[in-house]
Amino acid sequence: MTLREKLSHHWSTWALLCAVTLLFLGAGCQVKATAKLPPGALNTFDADSYRVLSDAHAVVQSIHDDAAAGKVTLNDGQTALINHVIADDNTADHLYKAYHANASGDTTALSQAIQQLISDLASLSTAFPTQTAPATPPAK
Amino acid sequence: MSPAILTVISIIAQILSGLIPQLKLSGLTASILKLVDEIVTQLPTLWAALSSGGSTTLEVTAALLAIQAVAKEAAADTNLDPVTLAWVQTLDTAAQKALAADTAAQANVDPSTLTDIEPL
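Read top to bottom, the protein sequences are chains B and V. One point on numbering: in this note's numbering, the residue at position 44 of the first sequence is 44, and numbering is uninterrupted. One point on numbering: in this note's numbering, the residue at position 72 of the second sequence is 72, and numbering is uninterrupted.
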């Protein structure tokens, strides 16, 4: 098995593990129920949701900032995908803020929004230039 | 460790694996390919640890350091596609910011950090 085939095999493996992980998160982001709550947290769900959203927000904001600064050039499809993830992130953040402020007790909608955000963030891999042109000329 | 960081690392690893045909001609091969392989092979373990609630901070930090090393070596190679390299660097920065956000989120819950992001 060549290294490239090996890498493709591994990629399939983690895609599956990714899906399993998202199922865990969809069950309520409570994979670390025994962890000590940080200051400001209402409960474990609140703390775990904030942690996931903070990480995702940092990723989305960073990609947004680099694209806005021209560090990476986006085509129309990439721009649309990233804007979709930005919309997911804003929606999930708003739902979280409502939950945290006790304005909403809707954990189901928040969990679904987080799951959607992570799923769409993962789908960004399809937008990146993973298939670079081989540097070797084709065999004659 | 949240799935956002691992998602970004997964994307970077996928991009790096796409660079392998060019890297093989670049003279950087041995160390680069070993690092890429290590990053890729480590990810299933990280995802499994995450799903079982285990701590993966050290492993993710190691993967980030490996990615930085690959990005640094690759950036010095003028034969590589600059568009791809720019994405590697952008995603590397994003992963590091996510790691910092993850640490901060474990120390304090502050929803005011979740400001709206403007569309591009």
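No residue lacks a Cβ here, since even glycine has one placed at the ideal position from N, Cα and C.
Using the Cβ count rule (16 or more neighbours within 10 Å means buried), how would you classify residue i?
i, result
"Thr56/B", "Checking the sequence shown, residue 56/B turns out to be Ala, not Thr. When all chains shown are included, Ala56/B counts as buried."
"Thr73/B", "exposed"
"Thr126/B", "exposed"
"Ala100/V", "exposed"
Below 8 Å on the Cβ atoms is my contact criterion, and I expect residue i with residue j to pass it. Report the Cβ-Cβ distance as a whole number of Å.
i, j, result
"Ser62/B", "Ala94/V", "4 Å"
"Ala68/B", "Leu120/V", "7 Å"
Kindly indicate if chain V contains any beta-carbon less than 9 Å away from that of residue i.
i, result
"Leu110/B", "no"
"Gly28/B", "Note that Gly28/B has pLDDT 38, beneath the 50 cutoff, so the model's placement of it is unreliable and the number below is only indicative. No, no contact with chain V."
"Gln116/B", "no"
"Ala103/B", "no"
"Asp89/B", "yes"
When you compare only the Cα positions, how much space is there between residue i and residue j?
i, j, result
"Gln144/B", "Ala122/B", "Given a span of 1 to 140 for chain B in the structure shown, any question on residue 144/B remains unanswerable."
"Leu124/B", "Leu81/B", "7 Å"
"Asp89/B", "Thr45/V", "27 Å"
"Thr44/B", "Ala107/V", "14 Å"
"Val8/V", "Thr90/V", "10 Å"
"Arg51/B", "Ile12/V", "22 Å"
"Leu6/V", "Leu117/B", "14 Å"
"Lys72/V", "Ala98/B", "42 Å"
"Ala76/V", "Asn102/B", "52 Å"
"Leu53/B", "Asp93/B", "7 Å"
"His100/B", "Ala74/V", "44 Å"
Leaving out five residues before and five after residue i in sequence, what residues of the same chain have Cβ atoms less than 7 Å from its Cβ?
i, result
"Ala152/B", "Outside the modelled stretch of chain B, which goes from 1 to 140, sits residue 152/B, for which no answer is possible."
"Leu17/B", "Here Leu17/B scores only 36 on pLDDT, less than 50, and its place in the model is too uncertain to base an answer on."
Let me see if you follow: with CB-CB separation under 9 Å, is residue i close to chain B or not?
i, result
"Lys72/V", "no"
"Leu114/V", "yes"
Suppose the cutoff is 6 Å on Cβ atoms and the five residues either side in sequence are ignored; what does the same chain contact list for residue i look like?
i, result
"Ala4/V", "Ala98"
Kindly list the residues whose CB is nearer than 8 Å to the CB of residue i, restricted to its own chain and excluding five residues on each side of it in sequence; keep chain order.
i, result
"Trp87/V", "Ile15"
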